[in-house]
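Going by the working numbering, the sequence shown opens with residue 174, and the numbers climb by one from there. All C-beta atoms in this analysis are idealised placements derived from N, C-alpha and C, irrespective of residue type, glycine included. Here the structure is a predicted model, which means the values were calculated and not measured. Inspection log for the structure reproduced underneath, given as structure tokens.
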Amino acid sequence: MPKHYGEGYQGAFLVTEQMVELWKELSGDSNRSIKRVLSGPMGVGKSYLALFLAAKAYAEGWLLLYISDAKKLAADDACAIAEAICKPLLALNKDILTIDDFNRMTFWRDGQVVNIAHNILEHLLNQLEKKTLLIIDEHGALFGFDPLIPKRQSLLIPLMHLDAWNEERKGTRVVLTGAAHAAKFEREYIENGMVDWLVFVTPLSSFIFDKLLNMSRILSRAVIRDKVKEITNHVPRELVSMEKYVHEKFYEATKEALAVTRQPSTTTDIYASVTDQDILFSLQRFRQNRRRECFAITEKCFYKDLQPTQRHAQRCALAAMFLPRKENDTDFNYQPFDYQFMDLGLVYRLEYGQYHPLYQAARDALLDIYKAMPLSNDVALAITSGNMDRLQFEAALFQQLLRFPEVILKATDLAGVEQTPVPIVFKHFKMLQDPPLKTSDNVLLRCYPTYPRFDFILGCMFIQTSISDFTTHNKDSADIEKAFEHSSSSRPTRSFDLRSQIEKYLDFAFGGCDLHKDGNGCHCAKIDPNSRRFIVTRDGKTVHDFRIVYIRGSPGFPNHTGKVEEFPDVLHVSFEELQDKLFGNLLIERRSGQ
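So this is what it looks like as structure tokens:
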């Protein structure tokens with residue numbers, strides 16, 4: 174069984190969509206062998222997925238070798254490794270092994286267990302027609318040694334070089350899972366042609382997580398569950414930890430209080446006496462504790478386990494995760510996380526190279542680490558000279574906004590005439606979702622890669638960033654006017670939606686706005702054809718805090734006399750203002766730290 178099987182309150186085995194999808198792939202006919210590596214951090218359910226596949230293969234009468242923990246194979250004695258292979262195979266297949274199968278296992282007929290184990294991997298589980306399944310859970314355990322276990326034990330070479338499982342052996346199915354040290358295996362032994370073998374195991378879907386959450390007597394309360402889902406990000410292990418924390422927080426204290434009054438002390442009665450506000454407060458304490466825990470292990474990794482050059486690479490990787498590339502970027506290069514960092518289990522991937530924080534506390538801790546990281550020499554020089562490239566500018570701006578989340582920036586119009594200052598004040602940072610989630614005015618949102626025109630959104634403030642001047646930047650997909658254009662769709666369907674980009678965001682983000690039958694929502698955003706002023710309303714009432722702000726990352730004051738007539742309401746923040754209010758602090762701290 175998986176290491177943490179049955180922990181917490183879970184009383185049933187939940188089948189996820191990914192389990193069904195992967196089994197359908199493995200059980201279907203194929204013209205070649207199928208190898209899959211389940212990739213993901215601790216706690217997302219890789220071992221449960223592996224166990225499900227093993228159970229299905231067993232029920233279908235496949236030849237099956239399921240090893241629940243590869244540590245059983247991490248031995249110096251070849252005979253011990255061979256026994257760890259032979260015993261579970263015989264136990265799982267004793268009712269279906271044929272004489273032909275035994276002949277395959279005992280090919281050398283010398284009775285040595287090592288040779289039998291070799292034949293199991295080389296012949297019995299590597300067949301042309303007959304479907305077989307090999308599952309090695311916690312596979313990364315073989316790669317935490319120097320030299321690696323498979324390099325010391327030739328019997329295990331097929332678990333390191335997956336091309337040892339011949340393509341023409343189309344009945345063969347191999348599934349490996351791992352957390353600790355698995356990233357090292359993926360980095361060094363999954364080559365370009367094997368990338369499709371990776372299966373990224375991610376947090377549960379909302380539908381499946383709701384089923385899991387319903388098993389909790391206290392966290393499934395209607396007032397509580399949305400906050401639980403937000404903090405855990407649908408990660409099963411994090412939910413189990415949260416349940417344990419809340420239980421320990423209230424159970425004993427409430428039980429003693431009921432005993433004093435001689436009232437019944439069943440679990441139901443104890444939880445019934447706990448208010449929703451008590452639980453919500455406890456959830457915030459849980460999040461804060463987890464944030465400190467995540468920060469501690471991340472800080473140790475960055476400043477004790479990694480070399481200076483590695484730290485700079487991980488700073489770039491964090492920037493790439495929090496500031497994903499925008500549409501039409503050509504100068505962006507994904508920076509992967511070091512395998513030592515990946516082993517911390519704080520990020521996951523949806524696809525190759527695309528990283529995300531695993532849950533809320535992990536995101537907070539990684540933001541804390543990122544904003545404390547010193548500048549590299551090249552970035553410091555680029556800021557001083559005003560010659561940053563786009564990626565350097567966005568990363569430096571983002572870091573300083575995190576460090577100074579209450580800043581007032583002087584602004585002008587596009588012709589350089591002073592306007593009302595721009596307050597950038599926030600308490601939280603999140604990634605914009607598609608469709609947008611309900612939000613508040615104190616959340617800074619980073620727009621996702623395919624979201625056109627804008628890079629950040631704060632309340633009703635839409636922010637563009639660029640190292641170019643406004644006239645050069647405001648073209649094609651970056652053209653601000655397109656954010657006000659309505660859909661040309663005229664089909665009267667359920668998805669009939671005429672809202673502009675800005676209207677759609679405001680409707681989703683601030684809630685209470687159902688799509689009307691005419692394809693519009695409760696927000697209206699337009700540019701007055703005569704004055705060219707922005708007019709944004711909600712249910713007919715003016716949204717006074719709506720703004721579009723252009724932040725420039727290169728020297729030069731605005732003097733767009735033609736563009737100011739076209740967009741008189743666009744606010745411009747100059748690079749010189751950023752140097753004064755934000756970037757100067759970076760350079761001073763860097764000089765004082767040298």
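If contacts are defined as beta-carbon pairs under 8 Å, then residue i and residue j qualify, I think. What distance do you get, rounded to the angstrom?
| i | j | result |
| --- | --- | --- |
| Leu554 | Lys384 | Wrong, their Cβ atoms sit about 54 Å apart, outside the cutoff. |
| Ser287 | Leu328 | Note that residue 287 is Val in the sequence shown, not Ser. So it is a contact: roughly 6 Å between Cβ atoms. |
| Ser393 | His485 | 45 Å between Cβ atoms; not a contact. |
| Ile330 | Pro323 | 5 Å |
| Leu582 | Lys603 | Contact flag wrong, Cβ pair sits at about 21 Å. |
| Thr585 | His745 | 5 Å |
So what's residue i in DSSP terms, helix, strand or just coil?
| i | result |
| --- | --- |
| Ser549 | coil |
| Val419 | helix |
| Ser414 | helix |
| Gln527 | strand |
| Lys583 | strand |
| Arg282 | Below a pLDDT of 50, predicted positions are generally treated as unreliable, and Arg282, at 47, falls in that range; no measurement from the model is reported. |
| Ser663 | Bear in mind that the predicted position of Ser663 carries a pLDDT of just 45, short of 50, making it unreliable; the figure below should be weighed with that in mind. Ser663 falls in the coil class under three-state DSSP. |
| Gly632 | coil |
| His601 | strand |
| Ile391 | coil |
| Phe627 | coil |
| Pro455 | As written in the sequence, residue 455 is Ser, which differs from the Pro given in the question. Reduced to three states, the DSSP call for Ser455 is helix. |
| Arg465 | helix |
| Val408 | coil |
| Tyr182 | With a pLDDT of 49 at Tyr182, under the threshold of 50, the predicted position of this residue should be treated as unreliable, though the coordinate-derived value follows. Coil at Tyr182, not helix or strand. |
| Glu739 | helix |
| Thr482 | helix |
| Asp504 | Low confidence applies to Asp504: its pLDDT is 47, below 50, so where it sits in the model is not reliable, and the reading given next is rough at best. In the structure shown, Asp504 sits in coil (DSSP, three-state: anything other than H, G, I, E or B). |
| Tyr239 | strand |
| Ile308 | strand |
| Lys611 | coil |
| Val372 | strand |
| Glu359 | helix |
| Leu246 | helix |
| Leu755 | helix |
| Val617 | According to the sequence displayed, residue 617 carries Leu and not Val. In this structure, Leu617 counts as strand in the three-state DSSP scheme. |
| Pro596 | strand |
| Lys303 | coil |
Name the DSSP beta bridge partners of residue i, please?
| i | result |
| --- | --- |
| Lys699 | Ile708 |
| Tyr521 | His529 |
| Lys208 | Val347 |
| His745 | Thr585, Tyr723 |
| Ser639 | Arg725 |
| Glu591 | Thr585 |
| Phe571 | Its beta-bridge partners do not exist; DSSP assigns none. |
| Thr715 | Thr710 |
Determine the burial state of residue i: buried for a count of at least 16 other Cβ atoms within 10 Å of its Cβ, exposed for fewer.
| i | result |
| --- | --- |
| Lys357 | buried |
| Ile269 | exposed |
| Tyr528 | buried |
| Thr375 | buried |
| Ser212 | buried |
| Leu531 | buried |
| Asp680 | buried |
| Glu361 | exposed |
| His312 | buried |
| Phe756 | buried |
| Gly684 | exposed |
| His717 | exposed |
| Gly366 | exposed |
| Asp628 | buried |
Is the beta carbon of residue i within less than 7 Å of some heavy atom of the ligand SAM?
| i | result |
| --- | --- |
| Lys244 | By its list of ligands, the structure shown contains no ligand whatsoever, and the ligand SAM lies outside what it can speak to. |
Would a check of beta-carbon distances place residue i closer than 8 Å to chain D?
| i | result |
| --- | --- |
| Phe571 | In summary, chain D is missing from the structure at hand, where a single protein chain is found. |
Touching by the beta-carbon criterion (3+ pairs, under 8 Å), the region 258 to 274 and the region 380 to 395: Because the criterion of three Cβ pairs below 8 Å is not met, the region 258 to 274 and the region 380 to 395 do not touch.
Segment contact, 8 Å Cβ cut-off, at least three pairs: the region 458 to 471 with the region 532 to 539: Result yes; three or more Cβ-Cβ pairs closer than 8 Å.
Segment contact flag, the region 750 to 757 with the region 562 to 580, C-beta cutoff 8 Å, min 3 pairs: Because the criterion of three Cβ pairs below 8 Å is met, the region 750 to 757 and the region 562 to 580 touch.
Three CB pairs or more closer than 8 Å across the region 331 to 339 and the region 192 to 201: With a cut-off of 8 Å on Cβ pairs, the region 331 to 339 is not in contact with the region 192 to 201, counting fewer than three such pairs.
At least three beta-carbon pairs within less than 8 Å, the region 593 to 602 to the region 615 to 635: Touching, yes, given that three or more Cβ pairs across the two stretches are closer than 8 Å.
Cβ contact check for the region 395 to 403 and the region 202 to 219: 3 or more pairs under 8 Å: Touching, no.
Segment contact flag, the region 299 to 311 with the region 220 to 231, C-beta cutoff 8 Å, min 3 pairs: Contact holds between the region 299 to 311 and the region 220 to 231, because three or more Cβ pairs, one in each stretch, are under 8 Å apart.
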